[in-house]
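Sequential numbering of the sequence shown, starting at 1, is according to the working numbering.
The beta-carbon is built from N, C-alpha and C at its ideal position, and this holds for glycine as well.
Read through the structure below, which is laid out as structure tokens, and then see the notes.
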Amino acid sequence: MPPLIVWALGALGAILVGRWIANEARRRSAELRARQAEGVGRGEREQARTLERDPATGIYRPK
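Quick look at the structure:
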């Protein structure tokens with residue numbers, strides 16, 4: 001194959017891969033924004049217990 005055709009096919013492939021990556025990033029961002037709008041994960045933070053360090057052992061334990 002002449003080098004020009006190889007370069008053209010490589011450029012076309014790079015463009016297609018770049019567009020696919022951009023679309024995938026947009027889709028995932030929209031999915032994350034939707035989950036954040038629903039408030040998923042907020043209840044987990046409210047239920048989390050605080051930890052207290054044991055001075056003798058240096059191990060953190062729930063209060």
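For residue i, three-class secondary structure by DSSP
{"i": "Arg19", "result": "helix"}
{"i": "Arg28", "result": "helix"}
{"i": "Pro3", "result": "helix"}
{"i": "Arg33", "result": "helix"}
{"i": "Gly10", "result": "helix"}
For residue i: DSSP bridge partner residues
{"i": "Pro62", "result": "Leu51"}
Rounded distance between the beta-carbons of residue j and residue i, thought under 8 angstroms
{"i": "Arg63", "j": "Glu52", "result": "Note that residue 63 is Lys in the sequence shown here, rather than Arg. Going by Cβ atoms, the distance from Lys63 to Glu52 rounds to 5 angstroms, so yes, they are a contact pair."}
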